[in-house]
Amino acid sequence: VLAVALTSAAVFAGGVAADAAPTTGPTIMTINAADLLGNPKPFSAATAQDRADAAAFAQDQVRQGRTVDSAQLRIGSGTDPLTHGRISAVWQGSYQPREFRFASSTGGDAKAAGFGMSMMDDTAVEMADATTGFGFMGAVSTSNMYKYSYGCATAYFDAWYSSTNHTLTTCFEKWAQRATANWIYNRWALFTEAPQKWYETFWPTIDDFTIRSRPWKGLESRVWQLGAWQPTSGGSSCSDVANFDVPIGSAKITVPIHRCESLTAYPDANQHSMGLDWDGSTSSQRYLDMAFALTAANNVVVPVYADYSWAVVNSCTTLGNCTVNEVANLREAGW
Amino acid sequence: VRLVAGRTLVVALSTLLALTGCHAGTRRPPSASAPPSGAAATAADPCAARPTREPCASIRDGGRAQRYALIRRGHTARTVVVDLGGPGLSVLSGAFSLGSFGADEPGLRGYNLLFLEEPWVTAATPARCDTALTEFYRSLRDDPAQLPVTVVGLRAACFAGPSRGSWGFEPDRYIRALRAISSAENLELTGFLGYSFGDVRYAYAQELGFRWAVFVRPYPLGVAGAEIVAARARAVTTVLARARKLRPQRDATSAPRSLPVVRFDSLSAQVALSYLDETGLARYGPEVMDGTNTARIGSLSDDLWKRYGIEQLSPGYLAYLEEVCRSTPGWPAVRAIDTPADVIVASTSPCALSSPVRQSIGGHGAVCVVTSRTDPVLPAALVQPMLAAHRAWRQVSSGTSEHASSDGVGECLASVGNSS
Numbered sequence: 003v004l005a006v007a008l009t010s011a012a013v014f015a016g017g018v019a020a021d022a023a024p025t026t027g028p029t030i031m032t033i034n035a036a037d038l039l040g041n042p043k044p045f046s047a048a049t050a051q052d053r054a055d056a057a058a059f060a061q062d063q064v065r066q067g068r069t070v071d072s073a074q075l076r077i078g079s080g081t082d083p084l085t086h087g088r089i090s091a092v093w094q095g096s097y098q099p100r101e102f103r104f105a106s107s108t109g110g111d112a113k114a115a116g117f118g119m120s121m122m123d124d125t126a127v128e129m130a131d132a133t134t135g136f137g138f139m140g141a142v143s144t145s146n147m148y149k150y151s152y153g154c155a156t157a158y159f160d161a162w163y164s165s166t167n168h169t170l171t172t173c174f175e176k177w178a179q180r181a182t183a184n185w186i187y188n189r190w191a192l193f194t195e196a197p198q199k200w201y202e203t204f205w206p207t208i209d210d211f212t213i214r215s216r217p218w219k220g221l222e223s224r225v226w227q228l229g230a231w232q233p234t235s236g237g238s239s240c241s242d243v244a245n246f247d248v249p250i251g252s253a254k255i256t257v258p259i260h261r262c263e264s265l266t267a268y269p270d271a272n273q274h275s276m277g278l279d280w281d282g283s284t285s286s287q288r289y290l291d292m293a294f295a296l297t298a299a300n301n302v303v304v305p306v307y308a309d310y311s312w313a314v315v316n317s318c319t320t321l322g323n324c325t326v327n328e329v330a331n332l333r334e335a336g337w
Numbered sequence: 518v519r520l521v522a523g524r525t526l527v528v529a530l531s532t533l534l535a536l537t538g539c540h541a542g543t544r545r546p547p548s549a550s551a552p553p554s555g556a557a558a559t560a561a562d563p564c565a566a567r568p569t570r571e572p573c574a575s576i577r578d579g580g581r582a583q584r585y586a587l588i589r590r591g592h593t594a595r596t597v598v599v600d601l602g603g604p605g606l607s608v609l610s611g612a613f614s615l616g617s618f619g620a621d622e623p624g625l626r627g628y629n630l631l632f633l634e635e636p637w638v639t640a641a642t643p644a645r646c647d648t649a650l651t652e653f654y655r656s657l658r659d660d661p662a663q664l665p666v667t668v669v670g671l672r673a674a675c676f677a678g679p680s681r682g683s684w685g686f687e688p689d690r691y692i693r694a695l696r697a698i699s700s701a702e703n704l705e706l707t708g709f710l711g712y713s714f715g716d717v718r719y720a721y722a723q724e725l726g727f728r729w730a731v732f733v734r735p736y737p738l739g740v741a742g743a744e745i746v747a748a749r750a751r752a753v754t755t756v757l758a759r760a761r762k763l764r765p766q767r768d769a770t771s772a773p774r775s776l777p778v779v780r781f782d783s784l785s786a787q788v789a790l791s792y793l794d795e796t797g798l799a800r801y802g803p804e805v806m807d808g809t810n811t812a813r814i815g816s817l818s819d820d821l822w823k824r825y826g827i828e829q830l831s832p833g834y835l836a837y838l839e840e841v842c843r844s845t846p847g848w849p850a851v852r853a854i855d856t857p858a859d860v861i862v863a864s865t866s867p868c869a870l871s872s873p874v875r876q877s878i879g880g881h882g883a884v885c886v887v888t889s890r891t892d893p894v895l896p897a898a899l900v901q902p903m904l905a906a907h908r909a910w911r912q913v914s915s916g917t918s919e920h921a922s923s924d925g926v927g928e929c930l931a932s933v934g935n936s937s
């Protein structure tokens with residue numbers, strides 16, 4: 003039995019643009035990951051198609067210098083309740099999807115599709131992390147913090163206009179300073195829209211991408227306060243990547259940040275949460291990254307965060323003759 | 518997906534639109550200003566094909582792309598090529614904080630920094646090469662006597678035909694890339710800062726006429742593989758003796774693993790200890806030596822061999838083989854893996870079939886070298902022949918053992934004329 007919540011746009015009025023006049027929709031559905039994906043399968047028990055997604059994930063990770071054992075992967079797949087297309091997700095360790103959100107709206111010649119995924123990392127013990135390798139290398143940046151846990155997950159969403167998929171990858175690193183309550187949460191995500199075939203002319207664009215992280219419900223008391231965060235504001239171009247220090251007490255880490263235009267940062271000292279919302283438009287992919295320091299309730303507890311990602315893809319419903327106005331009413335669905 | 522019946526129509530309409538240019542009143546095709554979508558984008562923009570956390574730019578050299586990060590520091594053309602070594606490094610991955618690299622190093626002030634990404638990061642691995650890597654890895658773990666066979670398979674599948682030169686830098690390609698980038702970006706390549714294997718990359722590019730070069734714990738050019746292996750084995754023995762005496766620390770690390778932790782992993786983890794900093798050694802040394810934390814042992818072994826999936830090895834290991842085998846002759850073979858030294862020998866065992874190219878560093882420009890007598894990866898003794906051949910090179914001796922340390926770099930930069 004699917005536990006599906008079908009919601010009207012009014013519920014999300016806070017993020018809805020008033021002037022949009024959709025012909026149909028928006029329809030927004032929230033569905034919990036277990037209902038959508040079934041029991042997550044280990045690699046060894048996955049179907050051939052799911053294994054292919056997992057292999058793509060592992061290949062992608064290894065080229066970024068992160069080697070992931072298949073035994074640390076979980077894979078699930080299901081059906082997008084709105085488009086009935088295939089959706090699958092691959093995740094590492096205990097960084098697992100908890101909820102998905104789908105949205106759809108049509109306005110004139112434009113069709114908007116929204117994809118959201120929230121994740122939880124409940125790593126209870128420090129993960130093994132070593133950065134050696136047979137090569138002869140130096141200048142590995144030193145920090146007086148260590149990586150307590152980390153993980154990445156990728157979800158593949160069927161695109162209505164193509165046989166290819168939208169891809170959402172979200173990653174986190176939880177850094178700690180030993181014998182203190184000092185932590186830094188580093189988060190980044192990449193949304194790549196499904197490429198069109200050469201003969202398809204639906205002009206898809208990503209028009210909204212947001213990432214948010216907040217203490218897991220019920221575990222809020224593990225975080226005492228929010229410290230420094232980056233980025234504090236947007237920049238002039240997403241292709242401009244700069245490194246920023248995120249300090250806490252006597253420790254710090256340095257993280258690369260894509261300095262996108264049309265970017266708003268949403269740190270919340272009361273909620274101990276942080277978010278970024280990009281409201282530009284691009285026809286390929288968008289990278290967002292942020293990091294924030296936090297002080298835990300004491301030196302023993304491990305803060306647990308929930309990560310949300312949400313992207314909207316606008317496209318034409320008619321071939322090549324499209325007057326798409328962004329279907330803005332899908333912005334910021336949820337969270 | 519849902520246009521199966523409409524494919525012909527789709528093609529016809531697209532063609533018609535293209536022919537008539539009939540986009541009036543329609544939305545602009547993305548190619549007009551923004552990067553094109555999807556497959557076209559990946560072919561056109563190598564940085565978009567595999568996005569990086571670090572800044573990424575690219576140039577084309579023939580049919581191949583070279584990706585790089587250029588960190589501009591003010592309005593100057595003066596640029597330092599920074600090579601962090603490897604081979605096998607994914608330098609734009611975000612793990613190296615390139616944007617703040619050397620920010621506290623007065624000798625790098627006033628220079629742009631240029632980092633080149635190794636080719637393997639974006640090269641496709643042919644299926645048969647992937648399989649050959651797996652067979653090689655299996656023979657390491659299960660039956661080292663089979664290594665002569667799997668090594669032949671590895672060379673045939675990964676280093677012949679179109680795959681040749683796909684993984685690491687090739688000298689002529691490295692120099693062409695630097696030329697093209699400096700021309701496209703209006704750079705003056707003034708200095709070269711090479712960590713570890715970085716001095717070999719300097720050897721590739723030295724004819725560009727850098728005014729100065731600093732090598733940090735350099736890889737020993739002109740020394741036989743057998744000597745390198747022997748020196749490293751001795752250094753590892755010293756590290757292990759220290760690790761045994763350290764006080765055990767609690768470490769609750771855990772991670773599931775597809776393969777059981779076997780003796781090969783324990784020996785590999787012991788070699789991996791030599792790459793760790795002091796904190797890492799203090800923390801993991803005792804539990805590796807007494808075998809109490811199999812998760813840690815497995816993880817260190819996997820990191821050393823860059824194993825992923827179940828029995829797959831990263832193409833980064835192919836880059837390691839490609840450049841290390843080319844740079845050094847005389848690598849010994851191994852038929853059994855019973856000691857940490859055997860693991861070190863095994864890592865270069867596929868080199869036996871390669872043809873090394875003699876490389877050396879010439880005499881122009883000011884050069885300074887940082888070495889450490891107690892460096893467990895490349896101890897100073899290995900570099901002595903190189904230093905003896907270049908009496909004019911300045912030397913800075915570091916008391917810090919860690920191979921990845923930047924200790925002594927400031928002093929070296931100052932000695933080649935970069936004190937502020």
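So the sequence lines, in the order shown, correspond to chains B and A.
One point on numbering: in this note's numbering, the residue at position 14 of the first sequence is 16, and numbering is uninterrupted.
One point on numbering: in this note's numbering, the residue at position 164 of the second sequence is 681, and numbering is uninterrupted.
Note that beta-carbon positions come from the ideal geometry of N, C-alpha and C, so glycine has one too.
Note that the structure is a prediction, hence the values are computed from the model and not measured.
Contact with chain B by residue i, beta-carbon distance below 9 angstroms
| i | result |
| --- | --- |
| Gly802 (chain A) | no |
| Thr796 (chain A) | yes |
| Arg890 (chain A) | no |
| Tyr837 (chain A) | yes |
| Arg499 (chain A) | Outside the shown range of chain A (518 to 937) lies residue 499 (chain A), about which nothing can therefore be said. |
| Ala701 (chain A) | no |
| Leu938 (chain A) | Residue 938 (chain A) lies beyond the stretch modelled for chain A, which goes from 518 to 937, so this question has no answer here. |
| Leu650 (chain A) | no |
| Ala697 (chain A) | no |
| Pro546 (chain A) | The predicted model places Pro546 (chain A) with a pLDDT of 37, which falls under 50 and marks its position as unreliable; any figure quoted below should be read in that light. So, interface residue. |
| Ala694 (chain A) | no |
Distance, residue j Cα to residue i Cα
| i | j | result |
| --- | --- | --- |
| Gln876 (chain A) | Gly739 (chain A) | 7 angstroms |
| Gly670 (chain A) | Ala649 (chain A) | 6 angstroms |
| Ala60 (chain B) | Ser918 (chain A) | 34 angstroms |
| Val6 (chain B) | Val733 (chain A) | Confidence in Val6 (chain B) is poor, its pLDDT being 43 and thus under 50, which makes the residue's placement too unreliable to answer from. |
| Ser775 (chain A) | Arg590 (chain A) | 46 angstroms |
| Ser554 (chain A) | Ser107 (chain B) | Low confidence applies here, because Ser554 (chain A) scores a pLDDT of 39, under 50, leaving its location unreliable and the question unanswered by this model. |
| Phe211 (chain B) | Ala155 (chain B) | 17 angstroms |
| Glu222 (chain B) | Pro305 (chain B) | 8 angstroms |
9 angstroms Cβ cutoff met for residue i and residue j
| i | j | result |
| --- | --- | --- |
| Gln51 (chain B) | Ser72 (chain B) | no |
| Glu195 (chain B) | Val315 (chain B) | yes |
| Leu192 (chain B) | Leu290 (chain B) | yes |
| Phe138 (chain B) | His920 (chain A) | yes |
| Arg761 (chain A) | Gly802 (chain A) | yes |
| Tyr163 (chain B) | Pro99 (chain B) | no |
| Glu840 (chain A) | Pro643 (chain A) | no |
| Pro661 (chain A) | Leu615 (chain A) | no |
Short CB-CB distance (under 9 angstroms) between residue i and chain A
| i | result |
| --- | --- |
| Ala114 (chain B) | no |
| Tyr148 (chain B) | yes |
| Ala7 (chain B) | Its pLDDT being 45, under 50, Ala7 (chain B) is placed unreliably by the model, and the measurement read from it follows with that caveat. Taking Cβ atoms only, chain A never reaches closer than 9 angstroms to Ala7 (chain B), which makes this a no. |
| Trp190 (chain B) | yes |
| Val304 (chain B) | no |
| Phe211 (chain B) | no |
| Asp124 (chain B) | no |
| Arg214 (chain B) | no |
| Asp247 (chain B) | yes |
| Ala267 (chain B) | no |
| Ala253 (chain B) | no |
Own chain residues within Cβ distance below 7 angstroms of residue i, not counting five before or after
| i | result |
| --- | --- |
| Met147 (chain B) | Trp177, Ala178, Gln179, Ile186, Ala253 and Ile255 |
Beta-carbon proximity list for residue i, same chain, < 6 angstroms, skipping 5 on both sides
| i | result |
| --- | --- |
| Cys929 (chain A) | Val731, Cys885, Val887 and Val913 |
| Leu710 (chain A) | Val597, Val599 and Val731 |
Proximal residues to residue i (C-beta, below 8 angstroms), its chain only, five neighbours per side dropped
| i | result |
| --- | --- |
| Leu830 (chain A) | Leu650, Thr651, Phe653, Tyr654, Trp822, Lys823 and Arg824 |
- Message: Whether or not the segment 853-871 of chain A and the segment 785-801 of chain A are in contact is what I'm after, with contact meaning three or more pairs of Cβ atoms, one per stretch, closer than 8 angstroms; do they touch?
- Response: yes
- Count the C-beta pairs between the segment 683-693 of chain A and the segment 881-889 of chain A that are closer than 8 angstroms, then say yes if the count reaches three, no if not. no
- Query: Would the segment 634-643 of chain A and the segment 693-702 of chain A be scored as touching if the rule is three or more Cβ pairs under 8 angstroms?
  - Reply: no
- Mind the definition here: the segment 281-300 of chain B touches the segment 226-239 of chain B only if three or more C-beta pairs lie below 8 angstroms; say whether that holds. yes
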